[in-house]
Every structure is written in C-alpha cells, then in structure tokens.
Amino acid sequence: MDQHTTQRDDSDAIQRAISARVARLGTMPVDTSRLDQLLRDQIPMPHKERRFLIFGWLAGAGAAACAALVIAVALLFTGTPRLSAEELAGVYRNLATQSTLAMSGGTTNSAVQMAPGMTCMLQSGETASCCRQRVGQYRLACVSLKSSSHARVVMVAGDVGTVKNPRGQAVSIAGNQYSLVVLGHINMLMRRVGNHWYCAMGPEKPGTLARYLGQLARTKK
Amino acid sequence: MNSDTAPDAPATKLTESELAKKFHQLIWPERANVLRFAMFLTHRTSDAEDLAQETLLKAWRALDRFETQNPNIKAWLLTILRNCWTDSFRRTRHERNHVALETLPQEPPDREHEVQPEEEQLRDAEVILHSFSDQRIIDALRTLAEDYRWTILLVDVSALSYEEAAGAMGVPIGTVRSRLFRARRMVRDFLISGNFPASGSVH
Chain A
1 MDQHTTQRDD SDAIQRAISA RVARLGTMPV DTSRLDQLLR DQIPMPHKER RFLIFGWLAG
61 AGAAACAALV IAVALLFTGT PRLSAEELAG VYRNLATQST LAMSGGTTNS AVQMAPGMTC
121 MLQSGETASC CRQRVGQYRL ACVSLKSSSH ARVVMVAGDV GTVKNPRGQA VSIAGNQYSL
181 VVLGHINMLM RRVGNHWYCA MGPEKPGTLA RYLGQLARTK K
Chain B
1 MNSDTAPDAP ATKLTESELA KKFHQLIWPE RANVLRFAMF LTHRTSDAED LAQETLLKAW
61 RALDRFETQN PNIKAWLLTI LRNCWTDSFR RTRHERNHVA LETLPQEPPD REHEVQPEEE
121 QLRDAEVILH SFSDQRIIDA LRTLAEDYRW TILLVDVSAL SYEEAAGAMG VPIGTVRSRL
181 FRARRMVRDF LISGNFPASG SVH
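Taken in sequence, the protein lines are chains A and B.
In this text, residue positions in the first sequence follow our numbering: the first is 1, and each later residue adds one.
In this text, residue positions in the second sequence follow our numbering: the first is 1, and each later residue adds one.
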C-alpha cells in the first residue's frame, strides 16, 4: 500500500508539472491583426468605433497627417505609454523558465536589492534573483522569487513617468487597493505607490500575491 | 455533440447596434485566445486565422441567444470552435501525426509499476517545468490523438473546469479526467524521450 501511495505522489508531481508547463501556452503572444481585419469586414462596429473607422478611411496624405497630429496631441496629453498585459506576462515567462536562481543573501531575514533604493525581503525558505528585463524599449527591475513550495512569483517595478502598468480590474485586499489582470493561469496584481508601480505575477491567488508585494520596500537614502 | 448556442436562453431581440456592442464587449476581448487555440490545432497560421474567423462569426450569428446573466464566454466560444474544427477543418487538415484514439498502444504493464527515487522524480518535474520551449510543448501536443489534445488544451491551456471541458466535448467528466491524465503522461514521455516530430512549426 505504501508503494502505491508513493507511486501516486510521484505521478501527481509529474502531472502538476506538465499541467503548469502546458498552461504557459495560454500566455503565448499572437498577432490578431489579420483576424481583426477579417472580422471588421463582416461584423459592424459599435457606433462610437464606426466614427473613428470612417475617419480612418479618408484617403491621401491629409489622413496620415491628421492621424499623426492626433497621435502627437494624444501623447502630449497622456504622456507615458502603457505596457500591455501580454508584454508583462512575457516577463514572467522569461524568468519562470530559468532553471536556477542565484542564491541571494541566504534564506532567513534576508533582503535582495531589486533596484537602487528598492529591496525585496525574503521569507524563510525563499530564494530569489534580481535582474532587469527588457520590454520593448523599456527596462524593468524584476525579482524572480521561488517559495519553499516551489511556487514561482515574479515581481516587477516600474516608474510611472517612464512606462505605465497595464490596466486591470480594481480589487481591494486587506484594505489596500490593487489592480488585477488575469491572463490564462497567470494572475497579475498591481499597485501604485507614489511615482512607482509594482506588480506581482504568478499562478498564486491574488491574496498571496498581495503578501509578496508587501515584501517590497523602498530604502531611505 | 453540443450545440453551438445556449439552447435554454430566451430569444432576446436586439438591434444590430446593440448586438455589435455586445459582441465587442464580450467576444472581441477573447479573439486572441480563440486564435491561439486554433494555432495549437493547425499547422499553418492562415488555417488558424480562418478557423478563428469562422468561430467568431458563428458566435456573432448566435449572440442574440447567448445568456449574458451568467456568461461563460470562453467555454461557449471553445465549444463553437470545436464544432467548426470538427465540421470543416477535419476534412481538409494537413496533419501528419493524427493517431486515432483506439489505435494508441497500450502501456506495457511493467512501466506502470516503475518506482523512481524521489530525487530523480523531482528532477524530472523541474526539467519539465523549466527546460522546454513553447514550440517543443506545441510539438508534443501535436503528437497526441485529437481527443487527448483537445482535453489538455481545454483544461490546462484554456483553464476550463472539468465540467466545462466535458460539456465542450460532449463526454462525461470522468472521461475528461482519464484523458487528461493520459495526455499529460504522453506529453511528458515525448519531452523526456527527445524525439522530434515529422511536422514543422506553425508558419
């Protein structure tokens, strides 16, 4: 009976590993531009979008110049570009496929420096590595953290003045306000503090991700 | 085989503008998921786009009958996709690795009783989690018989529940569970074996 129990436990571990690895395909980026055009040819737009679509059909350099002017004005007023959820999920995928993590500062009451002026406190049994990940033209400070139960959480910090975090659903956890995006099996919990935004990503529940965000701290200069 | 639509939903007469708004609120955000799923089934991007387009157009035509009080858009769309796949693309697909479910070889009895040491088993799990590219995983999925591939795509990739996946495929939940177990094991065997499929990647 013990042998069968051990066999079942081992089999369960493999099943979970395969499930987790296959699940990552759910965040694989796809180009929908051709599909979008095929659909727009056959499905009417809502009235609001139809106005912009008509605008887009104007011919000649005048349309291009007007579009450039609109974009320039929009950028002038909105300023900072915004990452998409897929781009941020790509950061998680890149870091989650790394097979080893650099041991940083031991395993108890340790802190790893995520970026100048920012640290991540490690809980007992956690290991972490810090790096900067390139997303388009931006570089983000990241911590890839592995818990004692082998769960992988990636935390990202960004400067609101440089690039904004993806939009998400407003949620409240333990009295704090967050923004949540769910992409396949990846939960992304984000919070803005001052001029920075922070994101904790992984298959963990939002409540658990909120705890990880609480491990980030800014150091006083 | 399940119907594409929600048969018990009351027929609600909506204007075209209301339908268009409903489509863009509920279905448009799911188009990337539909296209991605289609790419795991087909070998060419153009085939995937055609399959996704057909799926979303059918959804558009059935939208006025879709129950929005408790929407399960993803399961509904994937059910439509499966029906499109079965009706249209099964006849014209160019898969070379299709294996009918009933022709799969039985597991040798002694393999079922193999016991690996815990450390080695953990190492295998780590290898599975960290060492394979997305394309390799997709290649592994393409070696599966269709029903196994659909099961693992619906449950593991698309995060449907067993009940939702069973509804999409028109099989009992127990069948989903057993197929999922075998599909994952076959994927693992493919990855560890280092074999390469005859077919190439999506182009």
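Cβ coordinates follow ideal geometry from the N, Cα and C atoms, glycine included.
Environment of Leu25(A) [buried if 16+ CB atoms lie within 10 Å]: buried
Cβ shell of Ala48(B) (< 8 Å), same chain only, five flanking positions each side left out: Leu35, Ala38, Met39, Leu41, Thr42 and Val202, listed in sequence order.
Where Ser179(A) falls: helix, strand or coil (DSSP): strand
Simplified DSSP state of Asp41(A), which is helix, strand or coil: coil
8 Å Cβ cutoff, Asp156(B) in contact with chain A: Look at Asp156(B): its C-beta is under 8 Å from a C-beta on chain A.
Listed by chain order, chain A residues near Met39(B) by CB distance under 9 Å: Met28 and Val30
Chain B contact residues for Ser270(A), given Cβ-Cβ distances below 8 Å: Coverage of chain A is limited to positions 1 through 221, which leaves residue 270(A) absent and any answer about it impossible.
Under the three-state DSSP convention, the category Asn94(A) falls into: helix
Cβ neighbours of Asn72(B) in the same chain (closer than 8 Å, five flanking residues each side left out): Excluding residues within five positions, the ones whose Cβ falls inside 8 Å are Glu164.
Inter-residue Cα distance where the pair is Met28(A) and Ser172(A): 29 Å
Residue from Met114(A), Leu213(A) and Tyr138(A) with nearest C-alpha to Gln177(A): The residue with the shortest Cα to Cα distance from Gln177(A) is Leu213(A).
Thr45(B) - DSSP class collapsed to helix/strand/coil: helix
Span separating the alpha-carbon of Val187(B) from that of Gly207(A): 32 Å
contact_flag[the stretch 193-205 of chain A, the stretch 161-168 of chain A] where n(CB pairs < 8 Å) is 3 or more: Short answer: they touch.
Segment contact flag, the stretch 177-185 of chain B with the stretch 147-155 of chain B, C-beta cutoff 8 Å, min 3 pairs: yes
Rounded straight-line distance, which links the Cα of Asp50(B) to that of Leu180(A): 32 Å
Residue-chain proximity (Gly207(A), chain B), Cβ-Cβ < 8 Å: no
Host alpha helix (DSSP H) of Val157(B) (start-end): Unbroken run through Val157(B): none, as it is neither H nor E.
For Asp36(A), the three-state DSSP class (helix, strand or coil): helix
For Leu88(A), the nearest candidate out of Leu39(A), Thr80(A), Pro44(A) and Gly158(A) (CA to CA): Restricting attention to Leu39(A), Thr80(A), Pro44(A) and Gly158(A), the CA atom closest to the CA of Leu88(A) is found in Gly158(A).
Buried versus exposed, by CB contacts within 10 Å (16 or more), Leu56(B): buried
Cross-strand partners of Ser144(A) (DSSP beta bridge): Ser129(A) and Val154(A)
Through-space distance from Thr15(B) to Ala20(A), alpha-carbon basis: Their Cα atoms are separated by approximately 43 Å.
Distance, Leu160(B) Cα to Arg184(B) Cα: Within the model, the alpha-carbon separation for Arg184(B) versus Leu160(B) is close to 16 Å.
Chain A contact residues for Leu57(B), given Cβ-Cβ distances below 8 Å: Leu39, Gln42 and Ile43
Opposing strand residues paired with Trp150(B) [DSSP bridges]: Residue pairing for Trp150(B): DSSP places it in no beta bridge.
Best match in Ala62(B), Asp147(B), Asp87(B) and Ser158(B) for proximity to Lys22(B) [C-alpha to C-alpha]: Ala62(B)
Val22(A) classed as buried or exposed, judged by whether at least 16 other C-beta atoms fall within 10 angstroms: buried
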